[in-house]
Amino acid sequence: MLKYVKILQRGIIFLLLIVMSLILLVSTVNIIMNVVLGAITGPETFFNAQRLQSLFGLFLIILIGIELLDTVKAFLEEEKIHVEVVLLVAMIALARKVIIWDFSEYEVQELYGVAVMLLSLAVSYTLIKGTWVKSALDSWFSSRKKKAGVVEESPLEHRDFDPPKKL
Numbered sequence: 001m002l003k004y005v006k007i008l009q010r011g012i013i014f015l016l017l018i019v020m021s022l023i024l025l026v027s028t029v030n031i032i033m034n035v036v037l038g039a040i041t042g043p044e045t046f047f048n049a050q051r052l053q054s055l056f057g058l059f060l061i062i063l064i065g066i067e068l069l070d071t072v073k074a075f076l077e078e079e080k081i082h083v084e085v086v087l088l089v090a091m092i093a094l095a096r097k098v099i100i101w102d103f104s105e106y107e108v109q110e111l112y113g114v115a116v117m118l119l120s121l122a123v124s125y126t127l128i129k130g131t132w133v134k135s136a137l138d139s140w141f142s143s144r145k146k147k148a149g150v151v152e153e154s155p156l157e158h159r160d161f162d163p164p165k166k167l
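Right, dumping it as structure tokens:
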């Protein structure tokens with residue numbers, strides 16, 4: 001029974017990949033046609049601030065779709081979800097929201113809410129990737145070693161090569 005559920009799940013994911021790919025292809029062609037037609041018909045009226053803001057919003061939606069496609073593809077190949085990619089998609093979506101933000105329509109408190117969400121996503125991404133944590137711990141270990149006069153590696157460092165052997 002579990003085997004059939006897994007086959008069904010993979011089939012659904014494969015169909016999602018096809019549908020998302022088609023949507024991204026049509027959206028990309030649509031945005032290219034809009035830009036080309038706008039440039040031909042009258043660039044001075046087409047490329048105003050409101051239209052550019054809309055085009056950038058569409059562009060970011062396509063980027064979000066590409067990242068989602070990559071997430072679904074990774075799930076199909078590895079059967080696990082990459083949390084950092086999901087966080088990046090959320091950050092791109094919030095960046096899109098900020099880019100197309102109409103300041104006359106919303107109050108400043110709502111912008112603060114978006115800023116807090118973006119900050120929390122950035123902190124989460126940094127913690128998950130571990131770059132900040134690793135550098136902070138490496139710095140802490142090296143300062144402790146200097147105080148103690150120890151000259152060995154931190155436990156977080158790793159070598160991708162074997163040291164040369166003595167002859």
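For the sequence shown, the positions run 1 to 167 when full-length UniProt numbering is used.
Beta carbons are placed, not taken as given, at the ideal position from N, Cα and C, and that holds for glycine.
Just so we're clear, the structure is a prediction, and the values are computed from it rather than from any experiment.
Backbone secondary structure at Phe47 - three-state DSSP:
Coil.
Does DSSP put Lys3 in a helix, a strand or coil?
The DSSP-derived three-state label of Lys3 is helix.
With H, G and I counted as helix, E and B as strand and the rest as coil, what does DSSP make of Lys146?
DSSP, read as helix, strand or coil, puts Lys146 in helix.
By the 10 Å Cβ neighbour count, where 16 or more other Cβ atoms means buried, how is Phe161 classified, buried or exposed?
Because Phe161 sits at a pLDDT of 46, beneath the cut-off of 50, its placement in the model cannot be relied upon, and the following sentence gives the value as read from the coordinates. When all chains shown are included, Phe161 counts as exposed.
Buried or exposed: where does Tyr112 fall if 16 or more other Cβ atoms within 10 Å of its Cβ makes it buried?
So Tyr112 ends up on the exposed side.
Pick from Leu55, Lys129, Leu16 that is closest to Arg96, judged by C-alpha positions
It is Leu55.
Using CA coordinates, which residue listed in Ile66, Glu110, Arg144, Met91 is at the minimum distance from Thr126?
Answer by Cα proximity: Met91.
Every unbroken alpha helix (DSSP H) within the segment 48–131, with a cutoff of 4 residues, ordered by chain
If we require 4 residues or more, the alpha helix (DSSP H) runs fully inside the segment 48–131 come out as 49–78, 83–99, 108–129.
Taking 8 angstroms as the cut-off, does the segment 44–55 touch the segment 67–87 (at least 3 CB pairs, one atom from each stretch)?
By the C-beta criterion, the segment 67–87 is judged not to be in contact with the segment 44–55, since fewer than 3 inter-stretch pairs fall below 8 angstroms.
Measuring CA to CA, which of Phe141, Ser143, Leu16 is closest to Phe75?
Of the listed residues, the one whose Cα sits closest to Phe75 is Leu16.
Rounded to the nearest angstrom, how far is the Cβ of Met13 from that of Val72, given a contact under 8 angstroms?
Checking the sequence, you will find Ile at residue 13 rather than Met. Correct: roughly 6 angstroms between the Cβ atoms.
Here's the rule: buried if 16 or more other CB atoms are within 10 angstroms of the residue's CB, otherwise exposed. What is Leu87?
By the neighbour-count rule (16 or more Cβ atoms within 10 Å), Leu87 is buried.
Less than 8 angstroms between the C-beta atoms of Val114 and Leu94, yes or no?
Going by beta carbons, Val114 and Leu94 fall inside the 8 angstroms limit.
Are the CB atoms of Val83 and Ile128 within a distance shorter than 8 angstroms?
Remark: C-beta atoms of Ile128 and Val83 approach each other more closely than 8 angstroms.
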